[in-house]
Amino acid sequence: MKTILFSLPLFAIAMMAISCNRAEQQGKEHTSPVTYKMTTEIPASITTPDEVETSLGTLRFFDGFPDEATVQKVYDNLDLQRGVQVFLTSIPAASAYAFRTGIRTFGPDNQTVLITESLVDSHGLFLTGNTETIYNITWLDTKDGPLVIEVPAGVLGVIDDFWFRFVTDFGPLGPDKGNGGKFLLLPPDYTGDIPDGYFVLHSRTYGHWCFFRVFIESGDMGTAAEYAKKNYRAYPLELAADPPAMNFLNISGKYINTVHSNDFSFFEEVNQVIQEEPLDAVDSEVRGMLASIGIQKGKPFAPDARMKNILTDAAAIGNATARAINFSTRDKEAYYYPNSAWKAVFEGNDYQFSPGGVLSLDTRTLYYYMATGSSPSFMQKMVCQLSQYIFTEHDATGQYLDGGKSYHLHLPPNIPAKRFWSLVVYDPQTRSFLQTDNPFPSISSLKEGVVINPDSSVDVWFGPEPPPGKEGNWIQTVPGKGWFIMLRIYGPLEPWFDKTWKPGEIEEVK
């Protein structure tokens with residue numbers, strides 16, 4: 014039998030340490046917290062544990078005080094969240110800024126009007142433009158005082174402020190009732206006299222997007238364009254006795270970019286709007302959100318390296334979020350028909366995105382990420398007048414539309430359009446016309462060569478190549494790219510509104 018010898022002093026010290034540690038642990042387990050005269054029971058729900066597991070990782074505290082690492086982590090997250098919300102909230106302002114930038118490449122504000130004398134084609138980058146009407150686009154600025162806008166009869170137009178908020182219609186729903194007339198657009202801080210004889214417009218911003226369509230009668234684009242050029246004018250009120258000449262520039266076939274950025278420069282675009290416009294152009298909560306990431310009127314927007322990295326990330330996440338809302342919405346109310354991929358552009362037919370008095374944040378994002386302009390006329394139910402829109406980016410099986418595949422769409426008989434209908438294909442990257450060999454990636458009831466079936470229904474094909482004999486009813490797509498499509502109904506009839514007429518789903522042809 015072997016004898017094990019211990020060094021008694023060392024052994025005793027080790028055993029004492031173990032004993033003390035056990036006693037300390039037992040004391041922690043069994044000793045009640047110290048109580049004082051004013052001690053009460055504290056609900057666990059209002060306290061913070063020393064460690065909390067979250068999607069940000071482990072957050073650590075001493076009696077509710079966050080440690081240094083936790084403080085940095087939550088501030089990084091807070092700045093990121095606010096950056097994403099600024100992106101989603103400010104899309105209208107960035108979009109209007111991009112539009113103004115595009116217009117200014119051709120000439121100054123107020124006197125420059127971009128006109129598409131031979132329609133809009135896919136050279137230009139416009140959010141979901143159409144290929145069937147003559148566009149007239151101009152930027153109005155009232156910093157130097159009130160502006161007079163002379164509007165011709167029979168056009169359909171709108172003026173929105175720098176945040177794409179509605180100011181006025183002109184046309185059937187405008188104060189001119191479609192008869193044209195003189196409008197007076199006042200600056201937000203105007204206190205001078207207002208002369209008689211005008212439709213007076215009040216606005217929260219100096220900058221304004223102005224757009225109107227001239228419809229083509231009997232295919233005569235030249236007459237329609239000349240009508241706009243002869244009858245539209247804008248000039249300062251102080252020069253009403255001798256107005257300056259207008260400058261109409263035909264941009265058909267020309268390159269122009271009117272689409273906002275989706276990277277860090279998005280925030281620079283928004284900052285420019287904030288610096289130029291009055292403080293009250295947006296409410297205090299939006300101003301506070303903007304200020305929290307460094308965008309504040311009268312102060313330079315100069316984020317440090319840390320904040321610039323966070324905002325670059327916020328722009329990427331905000332852009333991804335806007336794309337998810339647009340192209341894979343989780344909102345069942347966005348779909349125009351039950352069990353269909355077709356979605357409404359305006360959910361609830363409310364141009365302020367507030368059906369029932371509750372702002373739908375996602376509906377606002379969906380609309381402004383893919384379109385420009387806001388007006389009651391865009392969704393008002395007026396049988397035989399105005400226009401209606403639906404769109405989709407999914408086929409009948411729920412898959413994204415693929416430019417390398419072939420598809421078929423059936424429009425049933427008696428398409429409910431008094432004026433005309435159109436189908437336009439767009440690029441999901443730019444939300445502008447899909448650029449193919451055809452300058453007009455569309456089909457409409459106005460186009461020559463479109464085959465209408467004997468029962469008045471229409472069949473349309475999509476793909477890289479046309480099916481044999483179907484060239485007139487085919488829209489080219491691009492392999493390796495997605496696409497989405499918008500159906501427009503001009504002069505909608507009652508079957509559109511009561512939904513007794515419904516387009517088919519887009520089905521892959523194998």
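When we follow the numbering used here, the leftmost residue of the sequence shown carries the number 14, and every step to the right adds one. By construction, the Cβ of each residue, glycine as well, lies at the ideal position given by its N, Cα and C atoms. Just so you know, these numbers come straight off a predicted model, no measurement behind them.
- Task: Can you check the region 372-423 for any alpha helix (DSSP H) of at least 4 residues that lies completely inside it and give the ranges in chain order?
- Result: 374-383
- Item | Proximity below 8 Å, CB of G184 to CB of G170 | One-based indexing of the sequence shown puts residue 184 at position 171. One-based indexing of the sequence shown puts residue 170 at position 157. Yes, the pair counts as a contact, with Cβ atoms nearer than the cut-off.
- Using beta-carbon positions only, say whether P441 and W509 come within less than 8 Å of one another. Translated into the one-based positions of the sequence shown, residue 441 becomes position 428. Translated into the one-based positions of the sequence shown, residue 509 becomes position 496. Result no, Cβ atoms of P441 and W509 do not sit closer than 8 Å.
- Between E81, A247, F261, which lies nearest to D255 when the distance is taken from Cα to Cα? The residue labelled residue 255 in the question sits at position 242 within the sequence shown. Ranking the options by Cα distance to D255, first place goes to A247.
- Message: On a Cα-Cα basis, can you pick out the residue from V471, T490, S470, S469 that is closest to P479?
- Response: If you number the sequence shown from 1, residue 479 lands on position 466. The shortest C-alpha separation from P479 is found at T490.
- Buried/exposed call for I264, threshold 16 Cβ in 10 Å: On the sequence shown, residue 264 is found 251 positions in, with the first residue counted as 1. Under this definition I264 is a buried residue.
- Do N486 and W474 come within 8 Å of each other at the CB atom, strictly closer than that value? For this step, residue 474 is matched to residue 461 along the sequence shown. For this step, residue 486 is matched to residue 473 along the sequence shown. Against a cut-off of 8 Å, the Cβ pair of N486 and W474 comes out as a contact.
- Give, in chain order, every unbroken run of the beta strand (DSSP E) that is at least 3 residues long and sits entirely within the region 159-225. 160-164, 169-174, 179-183, 194-198, 212-214
- Can you pull the DSSP bridge partners for M499? Locating residue 499 in the sequence shown gives position 486, where the first residue counts as 1. BP columns for M499 point to F404, V437.
- Would you tell me roughly how many angstroms separate the C-alpha atoms of K190 and V180, rounded to the nearest one? Looking up residue 190 in the sequence shown gives position 177. Looking up residue 180 in the sequence shown gives position 167. Their backbone Cα atoms lie some 16 Å apart in a straight line.
- Message: In whole angstroms, give me the CA-to-CA distance for W176 and R377.
- Response: As a first step, residue 176 is located in the sequence shown; it is residue number 163 there, counting from the start. As a first step, residue 377 is located in the sequence shown; it is residue number 364 there, counting from the start. Going from the Cα of W176 to the Cα of R377 covers about 12 Å.
- In this structure, what does DSSP give as the bridge partners for S457? The residue you call residue 457 lines up with position 444 of the sequence shown. According to DSSP, which records beta bridges pairwise, S457 is partnered with S435.
- Message: Looking only at its chain, what residues have a beta carbon closer than 6 Å to the beta carbon of D137, apart from the 5 residues adjacent to it on each side?
- Response: Position 124 of the sequence shown holds residue 137. First, the amino acid is wrong: residue 137 is Gly here, not Asp. Cβ neighbours of G137 beyond the five flanking positions: I269.
- Task: With DSSP as the reference, label F280 as helix, strand or coil.
- Result: Within the sequence shown, the letter at position 267 stands for residue 280. Reduced to three states, the DSSP call for F280 is helix.
- Give the C-beta separation of P516 and L447 to the nearest angstrom, bearing in mind that I take them to be a contact with Cβ-Cβ under 8 Å. Here residue 516 refers to the residue found at position 503 of the sequence shown. Here residue 447 refers to the residue found at position 434 of the sequence shown. Not confirmed; about 19 Å, so no contact.
- Message: Using a 10 Å radius around the Cβ and a threshold of 16 neighbouring Cβ atoms, would you call H421 buried or exposed?
- Response: Taking the first residue of the sequence shown as 1, we reach residue 421 at position 408. H421 should be labelled buried.
- Give me whichever residues DSSP pairs with G70 in a beta bridge. Sequence index remark: in the sequence shown, residue 70 carries index 57 (1-based). Answer by DSSP bridge pairing, in chain order: T67.
- Cβ separation of I147 and L132, assumed to be a contact under 8 Å, to the nearest whole Å: Residue mapping note: residue 147 aligns to position 134 of the sequence shown, counting from 1. Residue mapping note: residue 132 aligns to position 119 of the sequence shown, counting from 1. Rounded, the Cβ-Cβ distance is 7 Å, consistent with contact.
- D154 by DSSP, collapsed to three states: which one? Here residue 154 is taken as the residue at index 141 of the sequence shown, counted from 1. Note: D154 maps to strand in three-state DSSP.
- Query: Since D408 contacts E520 with CB under 8 Å, what's their CB separation in whole angstroms?
  - Reply: Here residue 408 refers to the residue found at position 395 when the sequence shown is read from its first residue. Here residue 520 refers to the residue found at position 507 when the sequence shown is read from its first residue. At roughly 6 Å, the Cβ-Cβ gap stays under 8 Å, so D408 and E520 are in contact.
- Query: Would you say the region 145-165 touches the region 337-356, given that touching needs at least three Cβ pairs under 8 Å?
  - Reply: no
- Residues of its chain near K394, where Cβ-Cβ distance is below 6 Å and the 5 sequence neighbours each way are ignored: As a working mapping, residue 394 is identified with position 381 in the sequence shown. These residues qualify, in order along the chain: F510.
- What number of angstroms, rounded off, separates the C-alpha of D276 from the C-alpha of I116? Numbered from 1 along the sequence shown, position 263 holds the residue referred to as residue 276. Numbered from 1 along the sequence shown, position 103 holds the residue referred to as residue 116. In a straight line, the C-alpha of D276 is about 22 Å away from that of I116.
- Item | Backbone CA spacing between V295 and P62 [nearest angstrom] | Here residue 295 refers to the residue found at position 282 of the sequence shown. Here residue 62 refers to the residue found at position 49 of the sequence shown. Looking at the two C-alpha atoms, the distance is approximately 40 Å.
- Message: Would L292 and K310 be called neighbours here (beta carbons separated by less than 8 Å)?
- Response: Reading the sequence shown from its first residue, position 279 is the one you call residue 292. Reading the sequence shown from its first residue, position 297 is the one you call residue 310. In contact: L292 and K310 (Cβ atoms closer than 8 Å).
- Message: Counting beta carbon pairs with one atom in the region 276-285 and one in the region 208-216, are three or more of them shorter than 8 Å?
- Response: no
- Item | Given 8 Å, three or more beta-carbon pairs between the region 362-374 and the region 430-440 | no
- Message: Output needed for A166: all residues of its chain with C-beta closer than 6 Å, excluding positions within five of it in sequence on either side, in chain order.
- Response: As a working mapping, residue 166 is identified with position 153 in the sequence shown. Same-chain partners within the cutoff: N192, G193.
- Task: From the DSSP output, in three-state form, read off L93 for me.
- Result: Locating residue 93 in the sequence shown gives position 80, counting from the first residue. DSSP places L93 in helix when its eight states are reduced to three.
- Boundaries (first-last residue) of the alpha helix (DSSP H) holding F510: Within the sequence shown, numbered from 1, the residue matching residue 510 stands at position 497. Residues 507-510.
- Query: Can you give the Cα-Cα distance for A237 and V168, rounded to whole angstroms?
  - Reply: Position 224 of the sequence shown holds residue 237. Position 155 of the sequence shown holds residue 168. Rounded to the nearest angstrom, the two C-alpha atoms are 10 Å apart.
- Just the C-alpha distance for T48 and L69, rounded to the nearest angstrom, thanks. Position 35 of the sequence shown, counting from 1, holds the residue named residue 48. Position 56 of the sequence shown, counting from 1, holds the residue named residue 69. Straight-line Cα distance between these residues: approximately 35 Å.
- Task: Quick one: residues in its chain with C-beta nearer than 6 Å to the C-beta of K242, no 5 flanking neighbours on either side, listed in chain order?
- Result: Reading the sequence shown from its first residue, position 229 is the one you call residue 242. The residues are F261.
- Query: With Y349 and I428 assumed to form a contact (beta carbons below 8 Å), what rounded beta-carbon distance in angstroms separates them?
  - Reply: Working through the sequence shown from its first residue, we reach residue 349 at position 336. Working through the sequence shown from its first residue, we reach residue 428 at position 415. Actually they do not touch by this definition, with Cβ atoms about 15 Å apart.
- Message: Starting from V126, trace the beta strand (DSSP E) in both directions and tell me its first and last residue.
- Response: Within the sequence shown, the letter at position 113 stands for residue 126. It spans 125-128 - the beta strand (DSSP E) in which V126 sits, taken as one unbroken run.
- C-alpha distance - L414 paired with E406, whole-angstrom precision: To locate residue 414, count along the sequence shown from 1; it is residue 401. To locate residue 406, count along the sequence shown from 1; it is residue 393. L414 and E406: Cα-Cα distance of roughly 6 Å.
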